[in-house]
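This report concerns only the one structure given below.
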Amino acid sequence: MAPPDLAPALAEAPPSFRVRHASTIRQWRLYAHLFRRSFSSMLGLALVVLFLVLAAFGPWLAPYPGDTAGAVKLSQRLLPPSLAHPFGTDEMGADLLSRVIVGTRISLWIGLIITGVGAGIGVPLGIVAGYTRSRLLRGAIMRLTDLFLAVPGLALALAIVAALGPGIANCIAALALVWWPGYVRLVAAKTLSVKEELFVEASRAAGARTPWILWHHILPNCLSPIIVKLSMDMGLAVLAAASLGFIGLGAKPPDPEWGAMISVARSYMPDWWWYSACPGLAIFLTVLGFNLLGDGLRDILDPKSAGR
Amino acid sequence: MPTSPEPIPLLSATGLVKVFHAGGRAVRAVDGVDLSLAAGEVLGVVGESGSGKSTLARLVLRLTEPSAGRIAFDGRDITALDGEAMRRLRRDMQIVFQNPHSALNGRRTVGEAVAEPLRVQGVARGAALDARVDRLLDQVSLPRAFRHRYPHELSGGQKQRVCIARALALEPRFLVLDEPTSALDVSVQAQILDVLGELRRELSLTYLFISHNLAVVRYLCDRVMVMREGRVVEQGPVAALFAAPAEAYTRTLLDSVPRLPRP
Ligand SMILES: Nc1ncnc2c1ncn2[C@@H]1O[C@H](COP(=O)(O)OP(=O)(O)OP(=O)(O)O)[C@@H](O)[C@H]1O
Ligand SMILES: [Mg+2]
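In order, the protein sequences belong to chains E and A. Quick note: the first sequence, position 226, residue 226 per my numbering, numbers continuous. Start counting at 1 in the second sequence, then tack on 1000, and there's your number in my numbering.
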């Protein structure tokens, strides 16, 4: 549909990637610089990277990969930490470190699905609630959100799991269903302020339709707080899933899921303390890592809200 | 392209009213304004801060819905035009906002900002779009390499040039300039005004030029309209109005700015 008077692009060489994205590269350099200066951010990043590596390559990194499949070695039951078994063994004689390493993948998947589904539901609802001019629609979405927020998420998830029946899939579904309201709040508030920006009106003056504006102007400007919250929530979701596993509503014991492992380990306290120490430490470090990372990201991406 | 003398104004508005309800109080930001702009004409709108100039600009472009009154563009009543028809009409009428610092999305490059009108209106894409963006940057005397930059790397004057390029992208016939230089340094103001003057001659544009700088109005406008508290208190040809203002309000406005020699 181009008018005929448009000359074809002049025969200049197209600028290289580095030239075209010089501004972006500069921006990322600045982010990296700010991030590197903070010890806690770097610690968070290191922990998150560590767990991501364990999740990706766990079966190859674990010293006794066979032990996660439920091998029974009665001669090695409940051995204390030693060089061969740095975190000891469980009541089946399985190496605890191996089980925890292999369990990383399950825990991170659970966290990813829960936060992903939560954000996937919450962000669109939040954008709609923030952008719509219909008081009714906004009111409906926000009231529903308030309703969910009024009940503690874990308690609601417990009720849902109780209704659906225990199991890891139901546990994930229940937590995902209670995880979205935080995103609605966050995104609706941000959208309400971004939509008053002049560039949104400029876009409308150019003839942009609402979906275009939401995608190109509103969402990109909401992204920083969303990313920060996603990181924080990853840790919390892992913890929540482990909690459900611990009380026997999530993953079932033969699975190397951290919460389920601790739930079995409970009956071996305190004489066989190392049994619960290893999965407990893994949960603690995951939550710590994602929280520190989120905090660090907030400091560079969204410094204005740092005090909240 | 000679515009034969035609009786129909390019833009006209009658009895425009905009009432804002803020904090339980009704503010009549625009209160019964009539205006008419012939093709190729530059109408200046002056008035103190809060006199309703920006609101008037938004009303004639239908960015704000009027509380009362009618707007016609090119002989066609557009007061009740629906979303899709209005969207198409926006190719012909564009705006440059008062504050270039907030009129550009900080997360989008200059190139994306200038290309946006062309993309949302489905006018150009691919290589044709790139060529057109380059040409628009040329028109406002910005280096082509700026298309890869983000707004925060630009000065105020450069940002305003980007906004002008964006407003020109669809080759509109009518441009609203809402105090395009008031957020800029004095030295930069003159450059922007030169760009606007040149573009007007080259593209035979019609401007609604809002300003509270009377020297600037005198330099650029054919006719001028003086607003106060949402009403037009006086209007007429620039030379006549500046030489012999009829209203006391206009005189105070005139006296409150340093006089510049006519260029
Ligand atoms: N969205 C709005 N809601 C409520 N009141 C508004 C709104 N927009 C403008 N007003 C009010 O309308 C009046 C006119 O505002 P407007 O922005 O049109 O003035 P202006 O002449 O452009 O001023 P300036 O020279 O400072 O830009 C002001 O009293 C302002 O407070
Ligand atoms: Mg204004």
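Where a beta carbon is used, it is the ideal one built from N, C-alpha and C, also for glycine.
Taking a contact to require three or more Cβ pairs closer than 8 angstroms, the region 1110 to 1124 of chain A and the region 1187 to 1205 of chain A do not qualify as touching.
Look at the region 1062 to 1125 of chain A and you find these whole runs of alpha helix (DSSP H), each 4 residues long or longer: 1083 to 1089, 1100 to 1103, 1110 to 1120.
Chain order gives the chain A residues near ALA22(E) as HIS1148, where near means a beta carbon separation below 7 angstroms. When only Cα atoms are considered, GLY250(E) and ARG77(E) end up about 25 angstroms apart. ARG26(E) is classed as exposed because its beta carbon has fewer than 16 other beta carbons within 10 Å across all chains shown. Here GLY122(E) has TRP180, TYR183, VAL184 as same chain residues with Cβ atoms under 6 angstroms from its own Cβ, once five neighbours each way along the sequence are excluded. Of the candidates LEU1154(A), THR1252(A), SER1012(A), LEU1154(A) places its Cα closest to the Cα of ASN1105(A). The set of residues whose C-beta lies within less than 7 angstroms of a heavy atom of ligand 2 reads, in chain order, LYS1053(A), SER1054(A), GLN1098(A), ASP1178(A), GLU1179(A), ILE1210(A). SER203(E) reaches chain A at GLU1116, counting residues in chain order whose Cβ is nearer than 7 angstroms. When beta bridges are read from the DSSP output, GLY1047(A) appears opposite MET1227(A).
In the DSSP assignment, ALA1167(A) falls within the alpha helix (DSSP H) that extends over 1156 to 1168.
Counting along the chain, no alpha helix (DSSP H) covers TYR268(E), and no H or E run does either. About 6 angstroms separates the beta carbons of HIS1148(A) and SER23(E), which is inside the 8 angstroms limit, making them a contact pair.
Following the DSSP letters along the chain, one finds VAL1019(A) inside the beta strand (DSSP E) bounded by residues 1011 to 1022.
Boundaries of the alpha helix (DSSP H) harbouring ASP295(E): 274 to 301, taken from the DSSP string. One finds PHE1097, ASN1099, SER1102, ALA1103 in chain A with Cβ atoms closer than 7 angstroms to the Cβ of LEU198(E), taken in chain order. For SER1049(A), the shortest separation between its Cβ and any heavy atom of ligand 1 lies below 7 angstroms. With a 10 Å radius around the Cβ and a threshold of 16 neighbouring Cβ atoms, ARG99(E) comes out buried. Counting C-beta pairs closer than 8 angstroms gives three or more between the region 1030 to 1045 of chain A and the region 1213 to 1233 of chain A, which meets the contact rule. Contact of GLU1153(A) with chain E is assigned, a C-beta pair being separated by under 8 angstroms.
DSSP places THR132(E) outside both helix and strand once states are collapsed to three, so it counts as coil. Put simply, the backbone Cα of GLU197(E) is about 31 angstroms away from that of ALA1127(A). THR89(E) is bridged by DSSP to ASP95(E). In the displayed model, GLY207(E) falls within coil according to three-state DSSP, outside both helix and strand. In the structure shown, ALA62(E) falls within a coil segment according to DSSP collapsed to helix, strand and coil. Non-local C-beta neighbours of LYS1159(A) in its own chain, meaning closer than 8 angstroms and more than five positions away in sequence, comprise PRO1100, HIS1101, ALA1103, LEU1104, PRO1151, ordered along the chain. Listed in chain order, the positions of the region 1119 to 1135 of chain A with a beta carbon within less than 9 angstroms of a beta carbon of chain E are ARG1119, VAL1120, GLN1121, GLY1122, VAL1123, ALA1124, ARG1125, GLY1126, ALA1127, ALA1128, LEU1129, ASP1130, ALA1131, ARG1132, ASP1134, ARG1135.
Where PHE35(E) is concerned, the enclosing alpha helix (DSSP H) starts and stops at 22 to 36.
If you look at TYR1207(A), you'll find it in the beta strand (DSSP E) that goes 1206 to 1210. DSSP places GLU257(E) in the coil class of the three-state scheme, outside both helix and strand.
Not one heavy atom of ligand 1 falls within 7 angstroms of the beta-carbon of VAL1060(A). Residue state for GLY1052(A) is assigned as coil, using DSSP reduced to three classes. As computed with DSSP, ALA1026(A) is found in a beta bridge with HIS1021(A). Residues of the region 1033 to 1062 of chain A with a Cβ closer than 9 angstroms to any Cβ of chain E, in chain order: ARG1058, LEU1061. For the alpha helix (DSSP H) assignment, the uninterrupted runs of no fewer than 4 residues enclosed by the region 156 to 192 of chain E are, from N- to C-terminal side, 168 to 179. Remark: C-beta atoms of ILE127(E) and LEU43(E) do not approach each other more closely than 8 angstroms.
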